[in-house]
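Asks: In my numbering, the protein residues as written are -15 to 538. Here a beta-carbon is modelled for each residue, glycine too, at the ideal position from N, C-alpha and C. Mind having a look at this structure? Questions to follow.
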């Protein structure tokens, strides 16, 4: 088993500690903002940086992936719990704890049963659309916060937009000025000096300015008092009916985190030449979420932006996460008074700039150029998530994933093969349309499993190939089964109907290159029957058409 803090050595310990200080400067302001997005007190965001972060760092196989609540997770928490309790209430916080624990249990179950592959259904178009819809919903709330306009941050997207537009008359000019300057500093600073903790600088400068000028009296909102002290162990006590009502949103959170987290983990492992273990990473996510639910926080996910920042800082271990946990604990013990006067417009600017990349504008452009159908999938997920809700968005995402999969599987490559005259050819190549493989013989290759989505398509292609020459000239049809790894019942029924069609026309059916692992399945479904089976395509042609066998196929 991999030891904790793999990759740490005397040579890099100072660099890792320095990276941890950078991570602390990035994470604290962002987590305060994400807690507000989720409808929770600032401490919920800060508590996530202590016990859950330590648990994750000691269990995960990835040396670099950073765990934390993120903007998408916070928005999902708000949208899913907002209809069950009032944001800011004790019941709301309790439901957030329960939701994190359910997420943790789901992660652990996925790790135990090795179900990480399920996340592969969340393809890039689906993630782009789903996360983009959440990001735009968040952005509207943050713009309102930056302008000092009061809206219902837990309401529907359309209600937020209407509230923002109709509330522009109450805009606070000082709030707008603080937000504009903060955005300018963040954008310009990150463009030219990425390693500088601009978010922390913005918070410090904005807070000092508000305190010295008394802008609170001018209507600028501030964070307010943050309770001091470390997180305490707790456990949500709610009815079983409420636990069950939280399951759909927990599934959505788990799936999104699994897809993004495992992808980023594998990408950085490949980039920095170390191995990762997906199921162990899932277990680490599970333990971190259970720890979050038991220590006053909310659902944890992977932070792509912070992982990238640590990679740029030269970090190659989980030590920065431990530095982050210790630094946050010290802040909660001795420095919460420093947080009370942080202006909300500055927090809104930090979160707004952080989530802008999640809108996926560049990804939408790429999808439009590359594949219009996948663009449509992303757009559908985006609109459903934005106007109906996050849970509906994740359901539509999975349905569209299956539709996309079936669409592609329903049109597999189906080729009539040419015999070829070169002894150097180990496999038969694709024949010109309308021709046969050899006199009286057609060899057809299906490059996919035979199942419900493509059974009729394959049967039609074989019929068309058998009728390509004048009627009666094709006496044998050979199915190249090398790429057919499986057959389902519906595919078998389509194939049986094809056999009847061929027999009615006096055409003999045969098989070639049947995989050993698929033969039992074909026999069980009655597809092989008494039909002849050839080791190679050339052997089939030699036997059926009398052509010389120049070389055996592989």
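(1) Return the CA-CA distance between residue 370 and residue 319, expressed in angstroms with no decimal places.
(2) Could you tell me how far apart the beta carbons of residue 61 and residue 282 are, in whole angstroms, since I believe they sit closer than 8 Å?
(3) Between the Cα of residue 235 and those of 512, 429 and 89, spot the shortest distance and give me the residue it belongs to.
(4) Which of the three DSSP states, helix, strand or coil, is assigned to residue 408?
(5) Hey, residue 520 and residue 496 are a contact pair by Cβ (cut 8 Å); roughly how many whole angstroms apart?
(6) Is residue 429 closer than 8 Å to residue 582 when the C-beta atoms are compared?
(7) Taking DSSP's pairing of strands, which residues face residue 429 in a bridge?
(8) Rounding to the nearest angstrom, what Cα-Cα distance links residue 297 and residue 123 in this structure?
(9) Measure the Cβ-Cβ separation of residue 207 and residue 16 and say whether it is below 8 Å.
(10) According to DSSP, simplified to helix, strand and coil, what is residue 518?
(11) Return helix, strand or coil for residue 525, following the three-state DSSP convention.
(12) Keeping to the same chain, check which residues put their C-beta closer than 6 Å to that of residue 249; ignore five residues upstream and five downstream.
(13) Comparing C-alpha positions only, which one of 108, 147, 525 and 420 sits nearest to residue 362?
(14) Just how far apart, CA to CA, sit residue 517 and residue 447?
(15) In the DSSP assignment, find the unbroken alpha helix (DSSP H) run with residue 12 in it and report its ends.
(16) DSSP state of residue 495, grouped into three classes?
(17) Would residue 272 and residue 18 qualify as a contact pair, given that the criterion is a beta-carbon distance under 8 Å?
(18) Go ahead and pull the three-state DSSP assignment for residue 458.
(19) Cα separation between residue 409 and residue 303?
(20) Could you check if residue 300 is buried or exposed, using at least 16 other CB atoms within 10 Å of its CB as the buried criterion?
(21) Helix, strand or coil: how does DSSP classify residue -14 here?
(22) Straight-line CA distance for residue 0 to residue 149?
(23) Are the Cβ atoms of residue 181 and residue 280 separated by less than 8 Å?
(24) Within 10 angstroms of its Cβ, does residue 368 collect 16 or more other Cβ (buried), or is it exposed?
(25) Would you check if the distance between the CB atom of residue 509 and the CB atom of residue 307 is smaller than 8 Å?
(26) One question on the structure: do residue 436 and residue 490 come within less than 8 Å of each other, judged by their Cβ atoms?
(27) Please list the terminal residues of the continuous beta strand (DSSP E) segment that includes residue 51.
(28) Whole angstroms is fine: what's the gap from residue 457's alpha carbon to residue 523's?
(29) Does residue 278 come out as helix, strand or coil in the three-state DSSP assignment?
(30) Runs of 4 residues minimum, wholly inside the segment 312 to 400: which ones carry the alpha helix (DSSP H) assignment?
(31) Just checking my contact of residue 529 with residue 397 at CB under 8 Å: how many whole Å lie between their CB atoms?
(32) Consult DSSP for residue -8 and reduce its assignment to one of helix, strand or coil.
(33) Does the beta-carbon of residue 388 have 16 or more other beta-carbons within 10 angstroms, so that it is buried, or is it exposed?
(34) Out of curiosity, what's the CA-to-CA distance linking residue 438 and residue 24?
(35) I'd like to check one pair, residue 309 with residue 38: are the Cβ atoms closer than 8 Å?
(36) Ignoring anything shorter than 4 residues, give me the alpha helix (DSSP H) runs that lie fully in the segment 157 to 211, in order along the chain.
Replies: Taking the structure as given:
(1) Going by the C-alpha atoms only, they are around 38 Å apart.
(2) Contact between residue 61 and residue 282 holds, with the beta-carbon distance rounding to 5 Å and staying under 8 Å.
(3) Among 512, 429 and 89, the Cα nearest to that of residue 235 belongs to 89.
(4) Model confidence at residue 408 stands at a pLDDT of 43, short of 50, so the residue's coordinates are unreliable; what they give is reported in the following sentence. It is coil, neither helix nor strand.
(5) That belief holds up - the Cβ atoms of residue 520 and residue 496 are roughly 6 Å apart, short of 8 Å.
(6) Lying outside -15 to 538, the shown extent of the chain, residue 582 is not represented and no answer is given.
(7) Beta-bridge pairing links residue 429 to 399 and 464.
(8) Taking the CA atoms as reference points, residue 297 sits about 28 Å from residue 123.
(9) Their beta carbons are under 8 Å apart, which means residue 207 touches residue 16 by this criterion.
(10) In the structure shown, residue 518 sits in a strand (DSSP, three-state: E or B).
(11) When DSSP states are grouped into helix, strand and coil, residue 525 belongs to the helix group.
(12) Excluding residues within five positions, the ones whose Cβ falls inside 6 Å are 46, 49, 260 and 265.
(13) Taking only the C-alpha atoms, the option nearest residue 362 is 108.
(14) So the alpha carbons of these two residues sit roughly 20 Å apart.
(15) Start and end: -3 to 21.
(16) Under the three-state reduction of DSSP output, residue 495 falls in the strand class.
(17) No, the Cβ-Cβ distance between residue 272 and residue 18 is not below 8 Å.
(18) Residue state, collapsed to three classes: coil.
(19) Note that residue 409 scores 48 on pLDDT, short of 50, meaning its location in the model is unreliable and no value can be drawn from it.
(20) Label assigned to residue 300: buried.
(21) Coil at residue -14, not helix or strand.
(22) Taking the straight line joining both Cα atoms gives about 46 Å.
(23) Against a cut-off of 8 Å, the Cβ pair of residue 280 and residue 181 comes out as no contact.
(24) Buried.
(25) Here residue 509 is not near residue 307, since their CB atoms are 8 Å or more apart.
(26) Contact flag unset, no.
(27) That run of the beta strand (DSSP E) goes 50 to 52.
(28) Distance between the alpha carbons of residue 457 and residue 523: 20 Å.
(29) Per DSSP, reduced to three states, the secondary structure at residue 278 is coil, with no helix or strand assignment.
(30) Restricted to the segment 312 to 400, the alpha helix (DSSP H) segments that are unbroken, complete and at least 4 residues in length are 328 to 339, 345 to 354, 356 to 371 and 374 to 393, listed in chain order.
(31) Residue 397 and residue 529 do not touch by the CB rule: their CB atoms are close to 24 Å apart, not below 8 Å.
(32) DSSP, read as helix, strand or coil, puts residue -8 in coil.
(33) Flag for residue 388 reads buried.
(34) Those two C-alpha atoms are separated by around 50 Å.
(35) Contact: yes.
(36) Entirely contained in the segment 157 to 211, the alpha helix (DSSP H) runs reaching 4 residues are, in chain order, 157 to 176 and 182 to 197.
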